[in-house]
Amino acid sequence: MAVGNTSLYLPSSHGLDTAVLDAYQQQFQLSIVHTIPEQGLYLQFDAEQRLSLFQAGSKGSVCVDFVSGRLDYRRQKGGGELIAKAVNTKAHQSIIDATAGLGRDSFILASQGCHVRMFERHPTVAALLADGLQRALNHTETHDIAARMTLMPMSFLQAALDDKVQVVYLDPMYPQRQKSAAVKKEMAYFHDLVGESDDDLGLMQQAARLAEKRVVVKRPRLGEFLAAQNPDYQYSGKSTRFDAYIPQKLQDAFSKETL
Ligand SMILES: C[S@@+](CC[C@H](N)C(=O)[O-])C[C@H]1O[C@@H](n2cnc3c(N)ncnc32)[C@H](O)[C@@H]1O
Numbered sequence: 002m003a004v005g006n007t008s009l010y011l012p013s014s015h016g017l018d019t020a021v022l023d024a025y026q027q028q029f030q031l032s033i034v035h036t037i038p039e040q041g042l043y044l045q046f047d048a049e050q051r052l053s054l055f056q057a058g059s060k061g062s063v064c065v066d067f068v069s070g071r072l073d074y075r076r077q078k079g080g081g082e083l084i085a086k087a088v089n090t091k092a093h094q095s096i097i098d099a100t101a102g103l104g105r106d107s108f109i110l111a112s113q114g115c116h117v118r119m120f121e122r123h124p125t126v127a128a129l130l131a132d133g134l135q136r137a138l139n140h141t142e143t144h145d146i147a148a149r150m151t152l153m154p155m156s157f158l159q160a161a162l163d164d165k166v167q168v169v170y171l172d173p174m175y176p177q178r179q180k181s182a183a184v185k186k187e188m189a190y191f192h193d194l195v196g197e198s199d200d201d202l203g204l205m206q207q208a209a210r211l212a213e214k215r216v217v218v219k220r221p222r223l224g225e226f227l228a229a230q231n232p233d234y235q236y237s238g239k240s241t242r243f244d245a246y247i248p249q250k251l252q253d254a255f256s257k258e259t260l
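In structure tokens:
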């Protein structure tokens, strides 16, 4: 994972108050700059005031937008989301999303009434998510959904060990496949930033300790099982598969492996 101070470009007359600037610098480890970087990835507010990830010299950007676009369409149309089946949202409403990323899966779960605590280890991605969440809270249509989503400091994931949740959801990065549609191009910026997953086993072990009912893992349809663990249930779609595990069985498997 490429963590280093990502630059946040702000014009000299940006109008942000000191508390907001402090949060960007301290919490999200961003370096404020007043000229647009000539190379690499950087953050900037786009024309619609959304905090966005840009690549110097390239077109397009990535931001978290729960209010318009694809997620808004899914919110309004709803429908048989495979993820809802895998999590079993009718029975399980308390969720930890331990790899929250841009929050799309968390938003879908929250749209189904779940309360989702989101953890994102990359501070720049967490900054994008915090910005998108705030805008969703400020918007009437998405306020109630966003109010069920909480972005947690990473350190709380360990501290939350005494505080079980029904489901832990995992969607670690998997190796990038061929970039098909142009819309995927921007997502290459995101991949460059966070890199591939380097801690699959650690994530699975932590999830097995925290979850009471299920651990759910998102994978490419034909992808390998995370940490080589065979799931108890599988839910396959056109390109994605959700593997569901009974946490106790996972814990037993891990303790056998360490004997
Ligand atoms: C594929 S993205 C998740 C996308 C997300 N499900 C969504 O709907 O937007 C994976 C994210 O998990 C994060 N991540 C990977 N390993 C992690 C770990 N061990 N702990 C916390 N976050 C992790 C990465 O920084 C990345 O943002």
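Just so you know, the sequence shown maps onto residues 2 to 260 in the numbering used here. In this text, a Cβ means the ideal position worked out from N, Cα and C, and glycines have one as well.
Residue pairing from DSSP places Phe120 in a beta bridge opposite Met153. In this structure, Thr19 has its beta carbon at no less than 8 Å from each heavy atom of ligand 1. Following the DSSP letters along the chain, one finds Pro248 inside the alpha helix (DSSP H) bounded by residues 248-258. Around the C-beta of Arg51, 16 or more other C-beta atoms lie within 10 Å, and the residue is accordingly described as buried. Minimum Cα-Cα distance from Leu103 among the listed residues Arg76, Asp66, Glu82 corresponds to Asp66. Here Met155 is exposed. Its C-beta has fewer than 16 other C-beta atoms within 10 Å. Here DSSP, grouped into helix, strand and coil, assigns Glu142 to helix.
Contact annotation: Gln56 and Tyr10 have beta-carbon atoms that are not nearer than 9 Å. When DSSP states are grouped into helix, strand and coil, Ala92 belongs to the coil group. If you look at Phe108, you'll find it isn't in any beta strand (DSSP E); it sits in the alpha helix (DSSP H) that goes 105-112.
Put simply, the segment 186-203 does not touch the segment 232-245. Fewer than three CB pairs are less than 8 Å apart.
A distance criterion of 8 Å places the beta-carbon of Ser59 beyond contact range of ligand 1, judged by its closest non-hydrogen atom. Comparing alpha-carbon positions, the option among Leu202, Gln77, Ile97, Ala92 lying closest to Thr143 turns out to be Gln77.
Residue pairing by DSSP puts Tyr43 in a beta bridge opposite Ser8, Phe55.
Spanning the alpha carbons of His93 and Leu158 requires a straight line of approximately 19 Å. Checking the 8 Å criterion, the Cβ of Phe120 is within range of a heavy atom belonging to ligand 1. Nearest to Glu213 by alpha-carbon distance, out of Met188, Leu251, Phe226, Tyr236, is Leu251. Closest option to Pro221, judged by alpha-carbon separation, among Asn231, Thr90, Gly238: Gly238. The beta carbon of Ala87 sits closer than 6 Å to the beta carbons of Val217, Tyr236, Phe243, Ala245 from its chain, once the five residues preceding and following it are set aside; these are given in chain order.
The beta carbon of Ser107 sits closer than 8 Å to at least one heavy atom of ligand 1. Restricting attention to Ser62, Ala111, Tyr43, the CA atom closest to the CA of His35 is found in Tyr43. In this structure Arg118 touches Thr151 by the C-beta definition: roughly 5 Å separates them, less than 8 Å. Here Thr125 carries a helix assignment [DSSP, helix/strand/coil].
Taking non-hydrogen atoms of ligand 1 into account, the C-beta of Val126 is found less than 8 Å away from one of them. Judged by DSSP in its simplified three-state form, Ala85 adopts helix.
Per the C-alpha coordinates, the member of Ala99, Cys115, Ser59, Ala48 positioned closest to Tyr170 is Ala99. Of the residues Leu31, Leu110, His116, Ala229, the one whose Cα lies closest to the Cα of Ser95 is His116.
DSSP, read as helix, strand or coil, puts Val21 in helix.
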